[in-house]
Structures are given as structure tokens and as C-alpha cells.
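Enquirer: Protein chains in written order, with the UniProt record's numbering: chain A, 1 to 261; chain B, 1 to 261.
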DNA sequence: AAACCTAGTTTCAACTATTGAAACAGCAGC
DNA sequence: GCTGCTGTTTCAATAGTTGAAACTAGGTTT
């Protein structure tokens, strides 16, 4: 589950893919090599294979590599049949309309939080520009509530991978304080982000759980300390929990989907 | 370049990934096995590795696999740094507003057309739900114009992979007729889809070319035979070509981008 | 309850692909 | 022409992949 911990050739190749994606801009072979643990010819072959496969795109004019279009197609499939995202959409719309604050839908991707949807209350959706973003699990509302409901074995692996970087004075910076926080979350059924990631930004979050208590994802409402307090946001808990239950219910019962034209 | 033609373990694993994505719904191991050329344990290991890597998601409750969330993250990167999609966005908005018909932006993915963006003139964008779709290259406007400007070696490989399935009476069903059509497209600088893919649906398409004449993608305006004729749509050619040139210019000059919050 | 499936998982020796040091090619600049 | 840099190919040692067969876990039939 630890992604880089030996999955053979495939794992290594995908690590290279991640690496290229992480640059955030098209890169030359040399740049990848400089950051890579692989020797030159090995890396070269990986890059070639990935390019062949359409997972990387090569620009011959500039001699640069970037994540390939095949990923967009695969992500479309991932998106369409993710039980969560398409099902949650109408619920998010309703929630967003009601609370008038930023709403996030997230899932755990390895040890990170991956945002699937965002509602800004004002304007409509612009998918790729915000879905697909990642964030830390240990200092975001959605991250913590998902961790709170993760089984021990997996939780330990995930915690071992957290950086515990101190973003703000309020960031939890140790596994111990995080574990306490997770217990508190389970006890009350929802969690907060009390300016732990960004100063002035607070949020309340709830997990979306299967019947068996496994976290499918999480839901959050974000606001600022100017406009809101944690106490004030706590009033939203019942509404959030109900929305989470509704999404979980739909996810459990409405599994088969097909494409729209 | 032919994707499945031997790229070692990595290629095989990615073929499995495609296969799972192609189902369009979460599948059990047995279902994949039934469609797979790989023996049981081999396939099993691929599926395990991909799941480990987050490229597939496993639902333990239902024992099903589906494309994983990691793809969404990678696609986000692909999207953000695709030279084409983010740059083209404002141009598509302008074009869409002006013509009042459906506008498509597409790229070649292996031998297929992959739609990156769509503007319906009416409502705003809903990304994942339409971007990421694929279509045939030999009988769509965008597909044909991109092929028309593809160098011979690659073109031959792509044509060899076309199904030439006859969607409508007007579909081109042979490599020869397609090649003639491609010559005609280069001669006039733009192409049509004359009800070749769907009856009643027509379109005009132009390539987006680099300085060196390599096709980055294509742009099209689609309409129906009720409302429009090919002759009528031909009037849009100069506008489309100008938009394509503008996009190509921006793509060449504005290469570095970073994330938005 | 025993016997019997079926779907999923593990084992292990044969085999084949991967690996990376080294050597090579292409190309800009001096 | 030489020099330095980036990207590409070679090839023998190595390490990972392969898949028949055997096994386990659940459920179903006799």
C-alpha cells in the first residue's frame, strides 16, 4: 500500500510518471534525471515506455515531456464510475445553496487528501481546474475525519507518511496530537480545521461512511474567521451529517452507471 | 507507438488498466479475467499492483475494482500543463459566443480522438462529464483534420488501427477514401464531417498547428442538418482558422504555468 | 453434515525482461 | 576540429516476471 515500496517495474514506472506530473510544467529528460534515483538508461526506458503508452506526451519541438492525454481519458472513466463523485454532485449543489459557503468533497489517495469537487456558492463548476488537487491529510478537515474512521493498520501506514509540516501555529505537528484529535472526532462524529492549514481559514467536516463504517470520502464547509467561528459552524453539523448519509445511501444503492452524450 | 505491441510489463499492466476502465462500471476479478488474454495469476498480480499503486480502486465490500483516484490527480496535472486545453479555454469561450453552436476541442490519443473541451453555447462548463471522451478518428471532423496533418509514418500506423465501421451511409469505410479526403482537407485547409458519424450531425473542423506544421489538436463547430448546411458552415472557416492560429500562437509563447488556488 | 463446486490467492522453478556501466551519437559553442 | 553536453544504444549479469498447479475460503448441492 505504500506505493513506492516495491511493486516491481510497474511501480517504478508509475513513480516516474508522478515525478513528471509533479514538475507542473513540461520537462526535459535531463531535469527528470537530475531528480531521479534511477540511472540514466533505466529512466530513459521508463520515459520511452510511458510516452509510447500515451501516459506521457513528448513535444519534439521543445524536447519536453508532460503528462499525457491518455490520463485524461482514464480519469474520465475513474470519474464516471467513482461511486462517490457523480452521486454526490446533486447533494453538493443542494448543500452549497443552503449554506452559501465553499463546499468540498474529498477522498483519500494514498496518504493525501484528493479533492473531487468544490462548490463556491457563487459560480458554477469548473472541473479540472479544481478537482484533482491534493492536500495534506493531517491538517485539513476532510483529511482528519477520514483518518478518524480508517482502520488501525492502514492508519498507521498513512500517519507514517505524513510530513507534519507546521503550516500555521495551530497545525498539529505530531502523530500523538493527531491521534488524540482523531479520537475526539469519532466521539463527536465530525471534525474541524481550526486554521491548521491556512491562517484565517476554518472548516467543519464529516466523513461519508459505508454501512460497514469504512470511509468513502468526506465533506466539508469552509469559511473564514472574519465571517464565522467554529461554534457557529458547528450548527451545520446535522445538515452535513445528513448530506453525508444521503450520499452514502445513494452510493450503496445506485452502483451501475453509464455514459452520457 | 501501437500501445499494446510490447512495452514490457508496464505496457501490459496499463492494458489491464484500460480494460478495467472500459467496463464502465466496477468489475470483479473474474470479469476481468474472462476478457483477458493473461493467465489468472499474472492478471491477479497486475490488478494487485495497480490497486497498490492507486491506479485501481478496490471496494472490499463488493469485491470490485474500478479506475482509481490517483488517475484523477494525474489527469489534473495532465490537464493543467497540457499546452492546449488551458490556453484554448478563453478562445473557445469567444468562439462559442460568436457562433452559437457546439464547439469542440480535441487531441489525438493514439489512434483515437480525445475530446478535451466542449462548449454548448448555453450553459457553462462541466469538465469531467464531457472532457475525456473518445471518438473515432476516421469519421469525425476533428479526427480527419488532425490526420491530414500527421506525418506519413505515424499516419500509416494510425490508419492501420482504424475500424472503419460504417456508422452512417456517408461514413468513409476504406483507407483509400480516407486518404483522398485527407488530401482534400490539406488542399483547402479545413475539413467537414458530413453526417459520417451520426445522421443529421454535420461539422466543420480546423487543425491547430505548430510552427513546424505538427498538429497540436483540432477545433470544430458542430450543427445539425435541420439548422445548417455544409455550405453555410463553410463561412465559419476563416473565423475557426483564426482562432486556431491564436491558440497555436499562445501555446508556443506561453509555456510555463502554475496552479491556481 | 459431508461432498462439491466456484472465485480468489499463493507457491515455486523455468524463463525472460529488466538493469546499468560503458560506450556511442548528435549537436552547440568555442 | 576539438570540447562539453544531452540524449541514445549496447550487452552480459542480474533480478523480476511468468503461469501450471496446488491451495484456501465461501457458498451450494446432495
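For each residue, glycine too, the CB sits at the ideal point set by N, CA and C.
1. Tell me the DSSP secondary structure of residue 192/B in three-state form.
2. So what does residue 106/B bridge to, in DSSP terms?
3. Within 8 Å of any Cβ in chain B, is that where the Cβ of residue 49/A sits?
4. Could you run through the stretch 140–155 of chain B and flag, in chain order, every residue whose CB is less than 9 Å away from some CB of chain A?
5. Between which two residues does the beta strand (DSSP E) holding residue 209/A run?
6. CA-CA distance, residue 242/A and residue 225/A?
7. Just the C-alpha distance for residue 124/B and residue 38/B, rounded to the nearest angstrom, thanks.
8. Just how far apart, CA to CA, sit residue 35/B and residue 96/B?
9. Could you tell me which whole beta strand (DSSP E) segments of length 3 or greater appear in the UniProt domain "HTH iclR-type" (7–69) of chain B?
10. Taking the beta strand (DSSP E) that residue 232/B falls in, what are its first and last residues?
11. Among 23/B, 28/B, 51/B and 159/B, which has the Cα closest to the Cα of residue 13/B?
12. Determine the extent of the beta strand (DSSP E) in which residue 262/A is found, giving its start and end residues.
13. For residue 113/B versus residue 136/B, is the C-beta spacing smaller than 8 Å?
14. Examine the Cβ distances between the stretch 91–110 of chain B and the stretch 214–222 of chain B and report whether three or more of them are shorter than 8 Å.
15. If you compare alpha carbons, which of 89/B, 150/B and 138/B is closest to residue 167/B?
16. Can you tell me whether residue 243/B is helix, strand or coil according to DSSP?
17. Can a CB atom of chain A be found closer than 8 Å to the CB of residue 110/B?
18. Looking only at its own chain, which residues have a Cβ that is under 7 Å from the Cβ of residue 106/A, when we skip the five neighbours before and after it?
19. Taking Cβ-Cβ distances shorter than 7 Å, what residues in chain A pair up with residue 70/B?
20. So residue 233/A packs on residue 202/A, CB below 8 Å; how close in whole Å?
21. Is residue 133/A close to chain B, meaning its C-beta is less than 8 Å from at least one C-beta of that chain?
22. I need the DSSP call for residue 223/B, collapsed to helix, strand or coil.
23. When you measure from the CB of residue 23/B to every non-hydrogen atom of the ligand ZN, does any distance come out below 7 Å?
24. Quick check: residue 57/A and residue 72/A, are their CB atoms within less than 8 Å of each other?
25. Considering only C-alpha positions, which residue in the set 59/B, 84/B, 98/B and 92/B is nearest to residue 81/A?
26. From 24/B, 174/B and 61/B, pick the residue whose C-alpha is nearest to that of residue 79/A; which is it?
27. Leaving out five residues before and five after residue 175/A in sequence, what residues of the same chain have Cβ atoms less than 6 Å from its Cβ?
28. Taking only beta-carbon atoms, is residue 9/A less than 8 Å away from chain B?
29. From what residue to what residue does the alpha helix (DSSP H) around residue 197/A run?
30. Determine the closest residue to residue 249/A out of 213/A, 153/A and 235/A, with distance taken between C-alpha atoms.
31. Closer than 9 Å by beta-carbon distance: list the chain A residues that pair up with residue 66/B, in chain order.
32. Classify residue 84/A as helix, strand or coil using the three-state DSSP reduction.
33. For residue 134/B, which residues of its own chain have a beta-carbon under 8 Å away from its beta-carbon, when the five flanking residues on both sides are left out?
34. Quick check on residue 120/A: does DSSP put it in helix, strand or coil?
35. For the alpha helix (DSSP H) containing residue 154/A, name the first residue and the last one.
36. Do residue 237/A and residue 204/A count as a contact pair if the criterion is CB distance below 8 Å?
Expert: The answer reads as follows:
1. For the purposes of this step, residue 192/B is taken as the residue at position 192 of the second chain. Looking at residue 192/B - three-state DSSP - the assignment turns out to be strand.
2. Your numbering for residue 106/B matches position 106 in the second chain. DSSP, once it has assigned bridges, lists 115/B and 218/B as partnering residue 106/B.
3. Counted from its first residue, the first chain places residue 49/A at position 49. Answer yes: the Cβ-Cβ gap between residue 49/A and chain B drops below 8 Å somewhere.
4. none
5. Counting from one through the first chain, the residue named residue 209/A turns up at place 209. 201–209 is the extent of the beta strand (DSSP E) around residue 209/A.
6. In the first chain, residue 242/A corresponds to position 242, counting from 1. In the first chain, residue 225/A corresponds to position 225, counting from 1. Between residue 242/A and residue 225/A, the C-alpha separation is close to 25 Å.
7. If you number the second chain from 1, residue 124/B lands on position 124. If you number the second chain from 1, residue 38/B lands on position 38. Only weak support exists for where residue 124/B lies, its pLDDT of 44 falling under 50; the coordinates are left without a value.
8. Taking the second chain and counting its residues from 1, one reaches residue 35/B at position 35. Taking the second chain and counting its residues from 1, one reaches residue 96/B at position 96. When rounded, the distance between both Cα atoms is 42 Å.
9. 56–59 and 64–67
10. Locating residue 232/B in the second chain gives position 232, where the first residue counts as 1. Per DSSP, residue 232/B belongs to no beta strand (DSSP E); it is in the alpha helix (DSSP H), 230–234.
11. Here the question's residue 13/B lines up with position 13 in the second chain. When 23/B, 28/B, 51/B and 159/B are compared, the shortest CA-CA separation from residue 13/B is found for 51/B.
12. This structure cannot speak to residue 262/A, because chain A is shown only from 1 to 261.
13. Position 113 of the second chain holds residue 113/B. Position 136 of the second chain holds residue 136/B. Yes, Cβ-Cβ distance for residue 113/B and residue 136/B is below 8 Å.
14. yes
15. Within the second chain, residue 167/B is the residue found at index 167, counting from 1. Checked all of 89/B, 150/B and 138/B; the closest Cα to residue 167/B is 138/B.
16. For the purposes of this step, residue 243/B is taken as the residue at position 243 of the second chain. Residue state for residue 243/B is assigned as helix, using DSSP reduced to three classes.
17. For the purposes of this step, residue 110/B is identified with residue 110 of the second chain, where counting begins at 1. By this cut-off, residue 110/B is an interface position.
18. Here residue 106/A is taken as the residue at index 106 of the first chain, counted from 1. Contacts found: 113, 114, 115, 116, 142, 217 and 218.
19. Taking the first residue of the second chain as 1, we reach residue 70/B at position 70. Those within 7 Å of residue 70/B in chain A are 109.
20. As a first step, residue 233/A must be located in the first chain, where it is residue number 233. As a first step, residue 202/A must be located in the first chain, where it is residue number 202. Confirmed, about 7 Å.
21. Taking the first residue of the first chain as position 1, residue 133/A is located at position 133. Judged by the 8 Å Cβ criterion, residue 133/A is in contact with chain B.
22. Here the question's residue 223/B lines up with position 223 in the second chain. Strand.
23. What this structure holds is no ligand at all, so the ligand ZN is not there to describe.
24. Taking the first chain and counting its residues from 1, one reaches residue 57/A at position 57. Taking the first chain and counting its residues from 1, one reaches residue 72/A at position 72. Not a contact, by the Cβ cut-off of 8 Å.
25. Residue numbering aside, residue 81/A sits at position 81 when the first chain is read from its first letter. Cα-wise, what sits closest to residue 81/A is 59/B.
26. What you label residue 79/A is simply residue 79 of the first chain in a count that begins at 1. The residue with the shortest Cα to Cα distance from residue 79/A is 24/B.
27. Along the first chain, read from residue 1 onward, the residue named residue 175/A stands at position 175. Answer for residue 175/A: 159, listed in chain order.
28. Counted from its first residue, the first chain places residue 9/A at position 9. Using a CB distance cut-off of 8 Å, residue 9/A counts as an interface residue toward chain B.
29. Indexing the first chain from 1 puts residue 197/A at position 197. Here residue 197/A belongs to no alpha helix (DSSP H), and DSSP marks it neither H nor E.
30. Taking the first residue of the first chain as 1, we reach residue 249/A at position 249. Of the candidates 213/A, 153/A and 235/A, the one whose C-alpha sits nearest the C-alpha of residue 249/A is 213/A.
31. Counting from one through the second chain, the residue named residue 66/B turns up at place 66. Those are 77, 78, 81, 82 and 83, listed as they occur along chain A.
32. By one-based count along the first chain, residue 84/A stands at place 84. In the structure shown, residue 84/A sits in coil (DSSP, three-state: anything other than H, G, I, E or B).
33. The residue given as residue 134/B occupies position 134 in the second chain. Around residue 134/B: 109, 112, 113, 114 and 115.
34. Position 120 of the first chain, counting from 1, holds the residue named residue 120/A. If DSSP states are grouped into helix, strand and coil, residue 120/A belongs with coil.
35. Here residue 154/A is taken as the residue at index 154 of the first chain, counted from 1. Run containing residue 154/A: 152–160, per the alpha helix (DSSP H) assignment.
36. In the first chain, counting from the first residue as 1, residue 204/A sits at position 204. In the first chain, counting from the first residue as 1, residue 237/A sits at position 237. One thing to note: residue 204/A has its Cβ within 8 Å of the Cβ of residue 237/A.
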